[in-house]
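All residue numbers for the first sequence refer to this note's numbering, where the first residue is 420 and numbers rise by one.
Built from N, CA and C at the ideal position, the CB exists for glycine as well.
Before any comments, here is the structure.
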Amino acid sequence: MTPKEKIVLLNEVLGSRYPNPKSELNYESPFQLLIATILAAQSTDKQVNVITQELFRVAPDALTLSRMEPDEVRNLVRSINYCNNKAKNILEVSRILVNCYEGRVPETREGLESLPGVGRKTANVVLSNAFHQAVMPVDTHVHRVSNRIGLVTTEKVEQTETELMKIIPEAWVIDFHHYLLLHGRYTCKAKKPECTACPLSVVCDYAQLHS
DNA sequence: AACTCGGGGCA
DNA sequence: TGCCCAGAGTT
Numbered sequence: 420m421t422p423k424e425k426i427v428l429l430n431e432v433l434g435s436r437y438p439n440p441k442s443e444l445n446y447e448s449p450f451q452l453l454i455a456t457i458l459a460a461q462s463t464d465k466q467v468n469v470i471t472q473e474l475f476r477v478a479p480d481a482l483t484l485s486r487m488e489p490d491e492v493r494n495l496v497r498s499i500n501y502c503n504n505k506a507k508n509i510l511e512v513s514r515i516l517v518n519c520y521e522g523r524v525p526e527t528r529e530g531l532e533s534l535p536g537v538g539r540k541t542a543n544v545v546l547s548n549a550f551h552q553a554v555m556p557v558d559t560h561v562h563r564v565s566n567r568i569g570l571v572t573t574e575k576v577e578q579t580e581t582e583l584m585k586i587i588p589e590a591w592v593i594d595f596h597h598y599l600l601l602h603g604r605y606t607c608k609a610k611k612p613e614c615t616a617c618p619l620s621v622v623c624d625y626a627q628l629h630s
């Protein structure tokens, strides 16, 4: 089975397994998506959801956030991983948006990755979800799952991104990001993958070796 | 490429 | 207790 044929199969199987592929991150604007994604790094989605709900109630836009006191921001995000760095980063990001981008989120990779706390993965999340650009966010889950089921064969995350873009139709990249992410989080786990409960095991070489 | 950051939650 | 976790930045 070729990678492109696997994509079609995954779209059916994972689509029914994860029927609501939209991000569980709570956002109503590119700004809120950007901030929520910065906060999400190396943290659980539950932590982020709790925090963003209160954070965006207090500061729904860049201008409001930029005018908050550092201690106030720190207090709002104190229960998340790397809270001190992230509090500093999102406050600085909001000030940059206000001062350099008229309060808007930049729509280019260079603009996004120049923001503190924004790397390639976060930039790709914003570019694909908010600005509908055909880029694939690749995190550890997407990277691991893609390798195990044979969509790609590379140790390098950035190469996984380019290889996935070759075989995933542009209109599917956002859904597939969530399919592969959720599958890696709940089933195709790093430590104890549940291959016996995995609907992809029949086409997965990794599952044949680990079940 | 290797290392640091960082703390709550859960087995 | 131990071990991770929707990565990013620095050396």
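In this structure R567 touches Y625 by the C-beta definition: roughly 4 Å separates them, less than 8 Å. Under a 10 Å Cβ-count criterion, E582 is classified as buried, with 16 or more other Cβ atoms of the shown protein chains found around its own Cβ.
Around N500, the same chain offers Q461, S462 as residues with beta carbons nearer than 6 Å, after the five sequence neighbours per side are excluded.
The C-alpha of L482 lies about 7 Å from the C-alpha of S513.
Sixteen is the threshold: when 16 or more other Cβ atoms of the shown chains lie within 10 Å of the Cβ of G536, as they do, the residue is buried. Collapsing the DSSP output to three states places T471 in a helix.
Judged by their CB atoms, I509 and I457 are nearer to each other than the 8 Å cut-off. Spanning the alpha carbons of I426 and E526 requires a straight line of approximately 28 Å.
Here the C-alpha atom of E473 lies approximately 15 Å from the C-alpha atom of C502. Just so you know, the alpha carbons of E580 and N543 end up roughly 10 Å apart. The Cβ-Cβ distance between L600 and D558 falls below 8 Å.
Between P612 and H629, the beta carbon gap of about 6 Å places them in contact (Cβ cut-off 8 Å). Within a 10 Å sphere around the beta-carbon of R476 sit fewer than 16 other beta-carbons, which makes this residue exposed.
In its chain, beyond the 5 residues on either side, I457, L458, A460, V496, I499, G536 have a beta carbon closer than 8 Å to the beta carbon of K505. According to the DSSP assignment, E521 belongs to no alpha helix (DSSP H), since it is labelled neither H nor E. With contacts defined by Cβ atoms closer than 8 Å, M555 and V592 form a contacting pair. DSSP places M584 inside the alpha helix (DSSP H), whose first and last residues are 576-586.
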